[in-house]
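Chains as they are written, first to last, in the numbering used here: chain A, 5 to 154; chain B, 5 to 154; chain C, 5 to 154. For reference, the structure discussed in these notes is given below.
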Amino acid sequence: MTTETASAPGAVWSAALHAEVQQFYAYQMQRLDLGEAEAWALTFTEDAVFDVPTLPEPVRGRAGLVASAYGARAALAAAGERHRHFLGMLDVRPRPDGTVGVRSYAIVYASEIGGASRVHRVCVCEDVLVRDADGMLRVSARRVTRDDLP
Amino acid sequence: MTTETASAPGAVWSAALHAEVQQFYAYQMQRLDLGEAEAWALTFTEDAVFDVPTLPEPVRGRAGLVASAYGARAALAAAGERHRHFLGMLDVRPRPDGTVGVRSYAIVYASEIGGASRVHRVCVCEDVLVRDADGMLRVSARRVTRDDLP
Amino acid sequence: MTTETASAPGAVWSAALHAEVQQFYAYQMQRLDLGEAEAWALTFTEDAVFDVPTLPEPVRGRAGLVASAYGARAALAAAGERHRHFLGMLDVRPRPDGTVGVRSYAIVYASEIGGASRVHRVCVCEDVLVRDADGMLRVSARRVTRDDLP
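This is the structure we're talking about:
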């Protein structure tokens, strides 16, 4: 097992990268669930493509991501619910071009405030991560599929 | 990404720390779910403060933690259920004072013995971890909130 | 915390091993859920013992594993469901003989295609991992218990 970083050409898997990717998702999903739309959008590249079943068509760029996060926040407030996005089972695959492919499972839990908690959605999340000029990992492309849809 | 440890002054995030924190929680939660109250209590500092919604007021110190774990075990046996505490999405943040803040999601699953399994609780867990004199990480303060409560 | 590898005699826990084990399970479970029976079976040693509640008796060896995976795939297709195996809370314990014991929690989510998602099973998974001649970790023994069974 090597300890090379993902940004090197011909990068290989490393324990350090796997842990960094886990920390990245923890930070990213907590921002979303806290309703911190701008901080969440900054975990994507400027021109990121975001393709999820809850949106009628893919969003491109941070302004659209911020709008979609605010929309989700308003919908949850109106429904009297809280959602948590819980990712795991991260299959992390550095690619020859320096990007990192990550295929993971994303469970969305919903809790009715004053009521019960439940599994809301079971999803597969396929991301392309890139190391940006400031050294941070960001999502440049995300495609989410839902297990309950054909 | 550095490989410095969390106990150093001005500690920084490292992949090694992130993995160690994950191992810590796996060990801690498995002790609780196995009903090993004393071993579980030893994963907290001697004067730890434990503030969770299932207790009427915060517990301070290991004797109180042991009592609360035995209470939970007896309640589960009476109900004919098993619980599993599943933590994830660990946002690990070393602090300048050498402690480590960890904000995570904790899902509690319940299974009726001879019946069905379900999501019981969806929680956010905010811990302060310290590296004790023996080199082990321990919880010095825990605050848990439940998504279904106002 | 050391950085020695698990295959060394008298191996000790390391952050690198913990991350490698997580990557291993992500790869393994995704193969199963994708119905890639042969690739999944290759994550077990040639003579692995696989003891799970859904099978009437333990399976030994890859041919039996492939058959069981195809059986599960056919049953899911007939039921119009998708399953996801989500492991976490990995308590990773290298042993003096060079093997690695891993006790983890495994949640199985089920989604009816065109319907709802739910928690299907809550399990404890006890594995013995070995580092094979090609340097890859593989399962040599697995024992799974279900929380809903007596």
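Quick reminder that beta carbons are idealized off the backbone N, C-alpha and C, glycines included. Bear in mind that the values here come from a model prediction, so they are computed numbers and not experimental data.
What residues in the stretch 115-149 of chain A bring their beta carbon closer than 8 Å to a beta carbon of chain B? SER115, GLU116, ILE117, GLY118, GLY119, ALA120, SER121, ARG122 and VAL123
Residues from the stretch 76-109 of chain C in contact with chain B, defined by Cβ distance under 8 Å: GLY92, MET93, LEU94, ASP95, VAL96, ARG107, SER108 and TYR109
What span of residues does the beta strand (DSSP E) with MET2 (chain A) cover, start to end? Chain A is shown only over 5 to 154; residue 2 (chain A) falls outside these bounds and no answer can be derived.
Would you check if the stretch 141-149 of chain C and the stretch 50-62 of chain C touch, i.e. whether three or more CB-CB distances between them fall below 8 Å? yes
From VAL134 (chain A) to GLY84 (chain A), what distance separates their C-alpha atoms? Between the alpha carbons of VAL134 (chain A) and GLY84 (chain A) lies a gap of roughly 36 Å.
Taking only three categories from DSSP, how would you classify GLU130 (chain A)? strand
Whose Cβ in chain A lies nearer than 7 Å to the Cβ of ALA30 (chain C)? MET93, LEU94 and ASP95
Output the distance between the C-alpha atoms of PHE48 (chain B) and ARG97 (chain B), rounded to the nearest integer angstrom. 18 Å
Starting from the beta carbon of TYR113 (chain B), find every residue of chain C whose beta carbon is closer than 7 Å, and list them in chain order. ILE111, VAL123 and VAL126
Over the uninterrupted alpha helix (DSSP H) stretch that includes LEU36 (chain B), give me the two end residues. 19-37 is the extent of the alpha helix (DSSP H) around LEU36 (chain B).
Find the residues of chain A that neighbour ALA23 (chain B), judging by a C-beta separation of less than 8 Å, and give them in chain order. Below the 8 Å Cβ cutoff, chain A contributes ALA19 and ALA23 as neighbours of ALA23 (chain B), in chain order.
What separation, rounded to the nearest whole angstrom, lies between the Cα atoms of THR188 (chain A) and LEU36 (chain C)? Residue 188 (chain A) is absent from the model: chain A starts at 5 and stops at 154.
The stretch 26-44 of chain B in contact with the stretch 84-94 of chain B per 3-pair CB rule at 8 Å: yes
Just tell me which of B:GLY105, B:VAL70 and B:VAL126 has its CA closest to the CA of VAL16 (chain B). B:GLY105
Give me the chain C residues within the contact set of PRO154 (chain A), using Cβ-Cβ distance strictly less than 9 Å, ordered along the chain. Those within 9 Å of PRO154 (chain A) in chain C are ILE117 and GLY118.
Could you check if ALA73 (chain A) belongs to the surroundings of the ligand GTP, using beta carbon to heavy atom distance under 7 Å? Because no ligand of any kind appears in the structure shown, any question about the ligand GTP cannot be addressed here.
Less than 8 Å separating the beta-carbons of SER72 (chain B) and VAL126 (chain C)? Contact: no.
Could you compute how far the alpha carbon of ARG64 (chain C) sits from the alpha carbon of PRO100 (chain C)? 25 Å
Residue range of the beta strand (DSSP E) that GLU116 (chain A) falls in? Counted as a single uninterrupted DSSP element, the beta strand (DSSP E) harbouring GLU116 (chain A) occupies residues 104-116.
How about ASP151 (chain B): is its C-beta nearer than 8 Å to some C-beta of chain A? So, interface residue.
Answer with buried or exposed for ALA82 (chain B), where buried requires no fewer than 16 other C-beta atoms within 10 angstroms of its C-beta. With fewer than 16 neighbouring CB atoms inside 10 Å of its own CB, ALA82 (chain B) falls in the exposed class.
Could you give the DSSP three-state label for ALA15 (chain B): helix, strand or coil? Here ALA15 (chain B) sits in coil by DSSP.
Does the distance from the CB of ALA41 (chain C) to the CB of TYR74 (chain C) come in under 8 Å? yes
Exposure label - GLU24 (chain C); buried when at least 16 CB within 10 Å: It counts as buried.
Pick from A:ARG66, A:GLN34 and A:LEU38: whose alpha carbon is nearest that of ALA45 (chain A)? A:ARG66
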